[in-house]
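Step one of this worksheet: look at the structure below.
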Amino acid sequence: MEMNLLIAYIGIAVMVGLSGIGSAYGVTIAGNAAIGALKKNDGAFGNFLVLTALPGTQGLYGFAGYFMFQTIFGLLTPDMTAIQAAAILGAGIALGLVALFSAIRQGQVCANGIAAIGQGHDVFSNTLILAVFPELYAIVALAATFLIGSALTA
């Protein structure tokens, strides 16, 4: 039924959209910190680049979720059931929201590390470790999306 497909694609749009928005905010937060820190320590650009790029992964998770439903599980078809559509909508909302907030908070962690590196502190490795924690929840949400897709094809 076409209405089911519409509902599923709303979930996909929320998933891809919110995760992308979160990544855009996260990398902007870290990027702004990097620009400021470069004024004090222009030799650390490589470290700043890595830390600025980290929050961009959540946007990729949103796309990966869409890819799973479309290609791996092959669920996005006009003959999908209402339960499948509702599950994709739910997974899209869940992954989208988790990725949104995870990317923003990760950007803030990275920005603090960038500022400290700019002030001459050797905290690059520590910042990488601490920045993994917000990322973990986006990975868990992506794993849940995979499990939902798996359950819908069983």
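First residue of the sequence shown: 917, per the working numbering; consecutive thereafter.
Virtual Cβ for every residue (Gly too), placed ideally from N, Cα, C.
It should be emphasised that the depicted structure is a prediction, and the values quoted were computed from it without experimental measurement.
Secondary structure, alpha helix (DSSP H): runs of 4+ residues fully inside the segment 978-1056: Note on the segment 978-1056: whole alpha helix (DSSP H) runs with a minimum of 4 residues are 998-1034, in chain order.
For Gly-1006, tell me which candidate among Ala-1054, Ala-924, Ser-1018 and Ala-950 has the shortest Cα-Cα distance. Ala-924
Local Cβ density within 10 Å of Gln-1000, reported as buried at 16 or more and exposed below that: Result: buried.
With 8 Å as the threshold, decide whether the Cβ of Val-1048 is near any Cβ in chain C. Absent from the structure: chain C. Only one protein chain is present.
Can you give the beta carbon distance from Val-932 to Tyr-982, rounded, assuming they're within the 8 Å contact cut? 6 Å
For Ala-1047, which residues in the same chain have their Cβ closer than 6 Å to its Cβ, ignoring the five residues on either side in sequence? Annotation for Ala-1047: Leu-970, Gln-1022, Val-1025 and Cys-1026 place their beta carbon closer than 6 Å to its own, counting only its chain and skipping 5 residues before and after.
Cα-Cα separation, Met-919 to Val-1014: 26 Å
Compare the Cα-Cα distances from Thr-968 to each of Thr-1069, Phe-1040 and Ala-1002 and report the closest residue. Phe-1040
Taking the continuous alpha helix (DSSP H) assigned at Met-917, which residues delimit it? No alpha helix (DSSP H) contains Met-917, which DSSP labels as neither H nor E.
Using a 10 Å radius around the Cβ and a threshold of 16 neighbouring Cβ atoms, would you call Phe-961 buried or exposed? exposed
Taking a contact to mean a Cβ-Cβ separation below 8 Å, would you say Phe-989 touches Leu-1068 in this structure? yes
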